[in-house]
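The opening residue of the sequence shown carries number 1 in full-length UniProt numbering; numbering runs sequentially from there. Beta carbons: idealized from backbone N, C-alpha and C, even for Gly.
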Amino acid sequence: MGNTSGSPEAPAGKEPRTVSFSAPEAQSPSGADRLPLPPDRELEERFNTLLVSTHPHTHTHTHTHTHTHNQKNTMNLPDDKARMLSQYDKDKKWDLVCDQERFKVKSPPAAYCEKLRSFVDHGGGISRKFKKQVQDPTQVLRELEISLRTNQIGWAQEFLNQENQGLRVLVEYLSFAQSAGMYDMDSPDDSTEKGKPTEKSLEDLHRTVSNTPSHAGSKGSKVFTGRKALRTSRGVSQKHDVHLCIMCLRAIMNYQSGFNQVMSHPSCVNEITLGLNNRNPRTKALVLELLAAVCLTGGHDIILAAFDNFKEVRHTHTHTHTYTHTHTYTHTSSIT
């Protein structure tokens, strides 16, 4: 996403996009792995299929096949980018086709929703059996982002439909991941933890939370204790998972229906805004671009409300962190 590509404006008849598509650089496979170049007709057919499946709301300007012109309203690629791609030489086109087919994610939308729900639903405890059955959440999010960005629009629509409720699931996981990172963001350095690699699994994390004395205390204590344990959890990585969640939301916002769902969701923009807490400058830049896109579509009130929520969350977190840290220090001092 470039600095000036946040506008969702689009020509009439096309879905507005919050981010303009940047043509991927052809990554030539090594000579040993590269498949032989097919006949010209087959190459053009597969290349056109790639453009249709990757960006299903715009049209290409290649005239190799007469049916391509009829796809004008079934693709999602700006005219200038489509024109640029269609002018690639045979080798570059073939490299793009091979690269896309190599990395295409084939899992159905429901599979991703189920995995993300599992990560959140097992927040109170996790078994070794579950741990072995699921992928690392960061990898799941990475594959989901690729699927939302590259698969046919029908795939994204299925992810967002009433049955899967993919946006709700994604926002819930984003909230879960960000609550994990909130503690780490302002916590004082601990000589016993500073620089320690994040080696705890989800199972270790939840065992720690369950065995902590404050686990039986107030709800606020449970949340704080959970956040502290999550700080060193490989299962929920603030640095990567939050960024990937927001990348998934960017891909969703590239479609009109997805953008509308984001705008109407009661907490999605709030959660995006909380991404400004992330230490990763790339994440902050991505958040600002999405917020700019919301503003440019008349969402000023939504943005103002989101920043009010941002201030409230920051204030509440700072107050809770200060109180708990002071209470813990006082309790420890009295024991010693």
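Roughly how many whole angstroms lie between the Cα atoms of residue i and residue j?
{"i": "Phe307", "j": "Gly299", "result": "13 Å"}
{"i": "Gln100", "j": "Ser147", "result": "11 Å"}
{"i": "Leu51", "j": "Cys268", "result": "30 Å"}
{"i": "Asp91", "j": "Arg314", "result": "52 Å"}
{"i": "Glu312", "j": "Ile302", "result": "15 Å"}
{"i": "Pro281", "j": "Asp89", "result": "36 Å"}
{"i": "Leu249", "j": "Pro38", "result": "36 Å"}
{"i": "Gly278", "j": "Lys93", "result": "Looking at the sequence shown, residue 278 is not Gly but Asn. In a straight line, the C-alpha of Asn278 is about 38 Å away from that of Lys93."}
{"i": "Asp95", "j": "Arg83", "result": "17 Å"}
So, for residue i: in the same chain, excluding its five sequence neighbours on each side, which residues have a beta-carbon less than 7 Å away from its beta-carbon?
{"i": "Val120", "result": "Glu172, Tyr173, Phe176"}
{"i": "Thr283", "result": "Val242, His243, Ile246, Gly275"}
{"i": "Ala251", "result": "Glu145, Leu148, Arg149"}
{"i": "Asn164", "result": "Pro109, Ala110, Cys113, Glu158"}
Under the rule that 16 or more other beta-carbon atoms within 10 Å means buried, what is residue i, buried or exposed?
{"i": "Gln139", "result": "exposed"}
{"i": "Gly154", "result": "exposed"}
{"i": "Glu271", "result": "buried"}
{"i": "Gln162", "result": "exposed"}
{"i": "Ala180", "result": "buried"}
{"i": "Met253", "result": "buried"}
{"i": "Glu143", "result": "buried"}
{"i": "Gln87", "result": "exposed"}
{"i": "Glu289", "result": "buried"}
Along the chain, where does the alpha helix (DSSP H) containing residue i start, and where does it finish?
{"i": "Val269", "result": "268-274"}
{"i": "Leu288", "result": "281-296"}
{"i": "Asn260", "result": "256-264"}
{"i": "Leu35", "result": "Unbroken run through Leu35: none, as it is neither H nor E."}
{"i": "His243", "result": "243-253"}
Which same chain residues end up closer than 8 Å to residue i when comparing Cβ atoms and leaving out the 5 residues on each side of it in sequence?
{"i": "Asn260", "result": "none"}
{"i": "Thr273", "result": "Val287, Leu291, Ile303, Ala306, Phe307, Asn309, Phe310"}
{"i": "Met263", "result": "Val269, Val294, Thr297, Gly299, Ile302"}
- Message: Please give me, in chain order, every unbroken run of the alpha helix (DSSP H) with length at least 4 that falls completely inside the stretch 76-115.
- Response: If one requires a minimum length of 4 residues, the alpha helix (DSSP H) runs lying completely within the stretch 76-115 are 79-86, 90-103, in chain order.
- Query: Whole alpha helix (DSSP H) runs in the stretch 137-181 with 4 or more residues, listed along the chain?
  - Reply: Within the stretch 137-181, the complete alpha helix (DSSP H) runs of at least 4 residues are 137-150, 153-160.
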